[in-house]
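Student: Before anything else, here's the structure in question.
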Amino acid sequence: MKKVMFFIAVVGACILSACSGEIDRTIYTVVPERPAGQEDVIELAVDPIDTVRVGFIGLGMRGIGAIERYVYIPGAKIAALCDIRPEMVERAQKVMRDAGLDDVPAYSGTEDAWKGLCDRDDIDLV
Numbered sequence: 176m177k178k179v180m181f182f183i184a185v186v187g188a189c190i191l192s193a194c195s196g197e198i199d200r201t202i203y204t205v206v207p208e209r210p211a212g213q214e215d216v217i218e219l220a221v222d223p224i225d226t227v228r229v230g231f232i233g234l235g236m237r238g239i240g241a242i243e244r245y246v247y248i249p250g251a252k253i254a255a256l257c258d259i260r261p262e263m264v265e266r267a268q269k270v271m272r273d274a275g276l277d278d279v280p281a282y283s284g285t286e287d288a289w290k291g292l293c294d295r296d297d298i299d300l301v
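The sequence shown begins at 176 in the working numbering and counts up by one.
Listed below in structure tokens is the structure:
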């Protein structure tokens, strides 16, 4: 008799749990309105650049990996480096020297050092 009651209780619990509502797992995000006059650049087309001058901000694991790849990309020139930690900038400069490239202007040491890189007129891409 106890086994029958236990079986009925388990079956009843399964039925009740099957009838319960599902959790909505949809992720909702709020997309802000675009300011007046601002447009997207989805179909932007510009004339190609022979040499794209790139500035790197952040030379941690991903940043140094990008430097290691960019030194071998034809048509890409590393124009400046920036990291809050000077030793990371020196590490990136070493990667460039090992690839036969000259040192480039470096920005480091303060939280606002990146602004100096962004103010340069000789950088096409950051």
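In this text, a Cβ means the ideal position worked out from N, Cα and C, and glycines have one as well.
Quick caveat: nothing in here was measured; it's all calculated off a predicted structure.
Going by CA-CA distance only, name the one from Thr226, Ile259, Met263, Ala267 that's closest to Arg244.
Tutor: Closest option to Arg244, Cα to Cα, is Ala267.
Student: Pull up the DSSP beta-bridge partners for Phe231, would you.
Tutor: Note: Phe231 sits in a beta bridge opposite Leu256.
Student: For Tyr245, which three-state DSSP category applies?
Tutor: Tyr245 falls in the helix class under three-state DSSP.
Student: Is Tyr247 buried or exposed, if buried means 16 or more other CB atoms sit within 10 Å of its CB?
Tutor: Burial call: exposed.
Student: Spatial neighbours of Val279 within its chain, please: CB distance less than 8 Å, with the 5 preceding and 5 following residues excluded, ordered by chain position.
Tutor: Result list for Val279: Ile253, Ala254, Ala255, Leu256, Gln268, Met271, in chain order.
Student: In this structure, does DSSP put Ala281 in helix, strand or coil?
Tutor: The answer is strand: DSSP assigns Ala281 an E or B state.
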